[in-house]
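Participant: For what it's worth, this note's numbering labels the leading residue of the sequence shown as 5, then goes sequentially.
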Amino acid sequence: MRFDLISDIHIDKWDTEFQTNWAKTKKSDICVIAGDISDNITQTVEELRELASLYTHVIFIEGNHEHQHYWPDFNFAPEYLKNKLSKISNVHYIYNDIFVLDKVAFIGKCGWWDFKFAEPLVSEKVGRDRFIQDKFDICDEIANKSNEEFQYLFDNINLLQFNSDIEKIVVVTHTAPLPKFISPGEYPPWPEYSAFQGNINMPMVVDIDFRKKIKAWVFGHNHDQKKDIYKGILFLSNPRGRPTDYNREVYFPIVIEI
C-alpha cells in the first residue's frame, strides 16, 4: 500500500499564489492528513472536499488548530467535522473510527500534550506557566484530553493485535509520538514550547504492539520535518508549516509504502 502524507498546511496563513496544487503534486491514490489544515474549521472541510475530488481515499485526523476557536470545548470540532465529513463518502475521519483498507488499519487521534513531554529539559511547571502566559489556564483540560486520547490508542492497538483480519497498522497523530521528535529552541524557537509537543506515555503504544503490526506512525505539529526508524516502525512527519517559520513556498506530499 502507498499513501501520500501531508500535515500542518495552514492554508489560512498562505497567500493564494502559494496554495498547493494537489492535482499536480499527488503521488498515490490515498492521502493521509495529520492535522492543522486551518484555524477556520469551514476552510478545513472545504480543503478536504477538494482533496477528496482527487484521491480515492482521504484519511484525516484533526490538529489542535481545528480546535483553535473552541477551547476548552474539545467536543465541538470533532462533532462538527464528523457531521460535515460524513457527507463526503471517501473522506475517513478517524477520530473515533478505525478505517480499514486491504487489511491495513488506520487509527488516530490529535494526541494533544500533557506538559511532561520535554522533561527534564522543560519541566511540567515551566510548560504550564508558558501556556497560561500565552493563552489561558486550561492546562488541566488539555492534559486530561491528551491522556484520554493516549488511552484510546493504547487500548485499541492492543485489541488489533488479536484481530486476524488486520495485518498492518498505520498510526496517525497530530502531535509527536516520541520526545526524540521535538526540536527545542529550533521550532518553536522558545524551548518552553517543547512541553506542548506530545504525551510522555505515547511510547507505551509502541510497546503494546507485541505482534509488530505497526508499520508506520505519521504525525505533524512540530513544523521541523522528521524521519526515523524506531523498533522497526517508520516514524515520519511532513509538515508544511507557516510562512513565518520554514517558509516552504514549494511543498509536496511525501509518499509512504508499507
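Positions of the beta carbon are idealized from the N, C-alpha and C atoms, including for glycine.
For SER198, name the three-state secondary structure that DSSP assigns.
Facilitator: Position 194 of the sequence shown, counting from 1, holds the residue named residue 198. Note: SER198 maps to helix in three-state DSSP.
Participant: State the DSSP-derived secondary structure class of GLU123, mapped to helix, strand or coil.
Facilitator: Sequence index remark: in the sequence shown, residue 123 carries index 119 (1-based). Coil at GLU123, not helix or strand.
Participant: Give me the Cβ distance between HIS69 and ASP43, rounded to the nearest whole Å; I'm assuming they're in contact under 8 Å.
Facilitator: Taking the first residue of the sequence shown as 1, we reach residue 69 at position 65. Taking the first residue of the sequence shown as 1, we reach residue 43 at position 39. About 5 Å; that satisfies the 8 Å criterion.
Participant: Judging by CA-CA distance, which residue of GLY131, TRP117, PRO124 is the nearest neighbour of ASN205?
Facilitator: Against the sequence shown, residue 205 aligns to sequence position 201. For the residues GLY131, TRP117, PRO124, the minimum Cα distance to ASN205 belongs to TRP117.
Participant: Kindly indicate which three-state DSSP category THR177 falls into: helix, strand or coil?
Facilitator: Residue 177 sits at position 173 when you count from the first residue of the sequence shown. Looking at THR177 - three-state DSSP - the assignment turns out to be strand.
Participant: Between the beta-carbon of LEU52 and the beta-carbon of TRP26, is there less than 8 Å?
Facilitator: Taking the sequence shown and counting its residues from 1, the one referred to as residue 52 is at position 48. Taking the sequence shown and counting its residues from 1, the one referred to as residue 26 is at position 22. No, Cβ-Cβ distance for LEU52 and TRP26 is not below 8 Å.
Participant: For PHE214, count the other beta carbons within 10 Å of its own beta carbon; 16 or more makes it buried, fewer makes it exposed. Which is it?
Facilitator: Sequence index remark: in the sequence shown, residue 214 carries index 210 (1-based). Burial call: exposed.
Participant: If PHE64 sits next to GLY131, beta carbons under 8 Å apart, how far is it from one beta carbon to the other, in whole angstroms?
Facilitator: For the purposes of this step, residue 64 is taken as residue 60 along the sequence shown, with counting starting at 1. For the purposes of this step, residue 131 is taken as residue 127 along the sequence shown, with counting starting at 1. Wrong, their Cβ atoms sit about 28 Å apart, outside the cutoff.
Participant: Could you check where the beta strand (DSSP E) with SER241 kicks off and where it finishes?
Facilitator: One-based indexing of the sequence shown puts residue 241 at position 237. Taken as a continuous stretch (DSSP letters only), the beta strand (DSSP E) holding SER241 covers 237–241.
Participant: By Cβ distance, which residues of its chain are closer than 6 Å to VAL198, with the 5 residues on each side in sequence left out?
Facilitator: Reading the sequence shown from its first residue, position 194 is the one you call residue 198. One detail in the question is off: residue 198 reads as Ser in this sequence, not Val. Same-chain partners within the cutoff: ALA122, VAL126, ILE186, PRO188.
Participant: With H, G and I counted as helix, E and B as strand and the rest as coil, what does DSSP make of LEU157?
Facilitator: Taking the sequence shown and counting its residues from 1, the one referred to as residue 157 is at position 153. Of the three classes helix, strand and coil, the one that applies to LEU157 here is helix, per DSSP.
Participant: Keeping to the same chain, check which residues put their C-beta closer than 7 Å to that of SER150; ignore five residues upstream and five downstream.
Facilitator: Here residue 150 corresponds to residue number 146 of the sequence shown, with the count starting at 1. Hits under 7 Å: GLY115, TRP116, TRP117, ASP118, ASN203.
Participant: May I have a chain-ordered list of the alpha helix (DSSP H) segments no shorter than 4 residues that lie completely inside the stretch 81–117?
Facilitator: List check, alpha helix (DSSP H) in window: nothing returned.
Participant: Would you please verify whether the beta carbon of ASN162 is less than 8 Å from any beta carbon of chain D?
Facilitator: This model lacks chain D altogether, as it is built from one protein chain only.
Participant: With DSSP run on the structure shown, which of helix, strand or coil describes ASP169?
Facilitator: The count along the sequence shown starts at 1 and reaches residue 169 at position 165. DSSP places ASP169 in coil when its eight states are reduced to three.
Participant: Express the C-alpha separation of TYR99 and TYR234 in angstroms, rounding to a whole number.
Facilitator: Here residue 234 refers to the residue found at position 230 when the sequence shown is read from its first residue. Here residue 99 refers to the residue found at position 95 when the sequence shown is read from its first residue. If you take the alpha carbons of TYR234 and TYR99, they lie about 25 Å apart.
Participant: Indicate the three-state DSSP secondary structure (helix, strand or coil) for LYS129 in the structure shown.
Facilitator: By 1-based counting over the sequence shown, the position of residue 129 is 125. Residue state, collapsed to three classes: helix.
Participant: Thinking C-alpha only, which one of ASN162, GLN47, ILE146 is nearest LYS217?
Facilitator: Position 213 of the sequence shown, counted from the first residue, corresponds to residue 217. The shortest C-alpha separation from LYS217 is found at ASN162.
Participant: Does the distance from the C-beta atom of ILE262 to that of LEU240 stay below 8 Å?
Facilitator: Here residue 262 corresponds to residue number 258 of the sequence shown, with the count starting at 1. Here residue 240 corresponds to residue number 236 of the sequence shown, with the count starting at 1. Cβ atoms of ILE262 and LEU240: not closer than 8 Å.
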